[in-house]
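Participant: Residue numbers (this note's numbering), protein chains in the order written: chain C, 11 to 123; chain P, 388 to 500.
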Amino acid sequence: AQSVTQLGSHVSVSEGALVLLRCNYSSSVPPYLFWYVQYPNQGLQLLLKYTTGATLVKGINGFEAEFKKSETSFHLTKPSAHMSDAAEYFCAVSEFSGNQFYFGTGTSLTVIP
Amino acid sequence: ETGVTQSPTHLIKTRGQQVTLRCSSQSGHNTVSWYQQALGQGPQFIFQYYREEENGRGNFPPRFSGLQFPNYSSELNVNALELDDSALYLCASSLGRGRGELFFGEGSRLTVL
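#1: Go ahead and label V419 of chain P buried or exposed: buried means 16 or more other beta carbons lie within 10 angstroms of its beta carbon, across all protein chains shown.
#2: Determine whether the Cβ of G403 of chain P lies closer than 7 Å to any Cβ atom of chain C.
#3: Let me check you understand the geometry: is the CB of G116 of chain C closer than 6 Å to at least one non-hydrogen atom of the ligand COA?
#4: Counting pairs of Cβ atoms below 8 Å between the segment 469 to 487 of chain P and the segment 390 to 406 of chain P, do you hit three or more?
#5: Let me confirm a value: V39 of chain C is counted as buried when at least 16 other C-beta atoms fall within 10 Å, else exposed. Which label applies?
#6: What first and last residue would you give for the beta strand (DSSP E) that runs through T87 of chain C?
#7: Threshold first: 3 residues or longer. Then list the beta strand (DSSP E) segments lying entirely within the segment 441 to 482 of chain P, N to C.
#8: Can you list the residues of chain P that E59 of chain C reaches, using a CB-CB cut of under 9 Å?
#9: In chain C, which residues lie with their C-beta within 8 Å of the C-beta of E493 of chain P?
#10: Give every residue of the same chain whose Cβ lies closer than 6 Å to the Cβ of T498 of chain P, excluding the five residues on either side of it in the sequence, and list them in chain order.
#11: Taking DSSP as the reference, what is the three-state secondary structure of N417 of chain P?
#12: With contact counted as at least three CB pairs below 8 Å, one residue from each stretch, are the segment 431 to 439 of chain P and the segment 50 to 63 of chain C in contact?
#13: Going by other Cβ atoms of all chains shown within 10 Å of its Cβ, with 16 needed for buried, is I433 of chain P buried or exposed?
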């Protein structure tokens, strides 16, 4: 089975600072990788995804992530944090032939003014 | 284009009761997946329906059951509710089974007393 590890359940950054949220996965086959964001009392919204091709993926709201197969990682970054980025972020993985997504336990991002 | 809608948004039940949650998939999507998100956790896969047939199930007991209708809307039924069933239940629709991007509704918050 797949598994996803998100290091750091809570991350705090100052407004304008770099955001780095970590995600490592375990998979015996090439995975599809996703980052989702969840605002309070809402569902999950897709930020970005990696399926095939370029390993550096750009998403919405200035976020990007890089798939590193050798490190089994898919860390999420944003050069400059904005107050509106405060939310819960989930990394997820699915297999090419799979029908389910495996989610990490989430990282809560706080942006300090 | 309408997104994924879920009802009810909040509900309270007592142990032993039964509950039905409903989901309308995004226009054009033929696959619906259900996830359980306990407080402070990532979503856990319950099952998926593709063209009215169950297409995969997570590690949930048989008292969790589902249904998909010809218009691709779906229901999640939970019998004999337990306290641990208290969670946010998320419905996600996609086009085709497998690795398709999931589009989530805002969820149904179930509290079991």
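Every residue gets a Cβ at the ideal spot worked out from N, C-alpha and C, and that includes glycine.
Facilitator: With the given structure in hand:
#1: Here residue 419 of chain P refers to the residue found at position 32 when the second sequence is read from its first residue. Around the beta carbon of V419 of chain P, 16 or more other beta carbons lie within 10 angstroms, which makes this residue buried.
#2: Residue 403 of chain P sits at position 16 when you count from the first residue of the second sequence. Not an interface residue.
#3: Among the components modelled here there is no ligand, and therefore nothing to report on the ligand COA.
#4: Judged by Cβ distances under 8 Å, the segment 469 to 487 of chain P makes contact with the segment 390 to 406 of chain P, as three or more pairs qualify.
#5: Counted from its first residue, the first sequence places residue 39 of chain C at position 29. Under a 10 Å Cβ-count criterion, V39 of chain C is classified as exposed, with fewer than 16 other Cβ atoms of the shown protein chains found around its own Cβ.
#6: For the purposes of this step, residue 87 of chain C is taken as residue 77 along the first sequence, with counting starting at 1. Looking at the DSSP string, the run of the beta strand (DSSP E) that includes T87 of chain C is S83 to K88.
#7: Listed in chain order, the complete beta strand (DSSP E) runs (minimum 3 residues) inside the segment 441 to 482 of chain P are 451 to 455, 461 to 465 and 474 to 481.
#8: Looking up residue 59 of chain C in the first sequence gives position 49. The question names Glu, yet the displayed sequence has Lys at residue 59 of chain C. Close to K59 of chain C, with beta-carbon spacing below 9 Å, are these residues of chain P in chain order: E488.
#9: Sequence index remark: in the second sequence, residue 493 of chain P carries index 106 (1-based). Those within 8 Å of E493 of chain P in chain C are N51, Q52 and G53.
#10: Here residue 498 of chain P refers to the residue found at position 111 when the second sequence is read from its first residue. For T498 of chain P, where only same-chain residues beyond five positions count, the Cβ hits under 6 Å are I399 and S473.
#11: For the purposes of this step, residue 417 of chain P is taken as residue 30 along the second sequence, with counting starting at 1. DSSP places N417 of chain P in coil when its eight states are reduced to three.
#12: With fewer than three CB-CB distances shorter than 8 Å, the segment 431 to 439 of chain P does not count as touching the segment 50 to 63 of chain C.
#13: The residue labelled residue 433 of chain P in the question sits at position 46 within the second sequence. Classification for I433 of chain P: buried.
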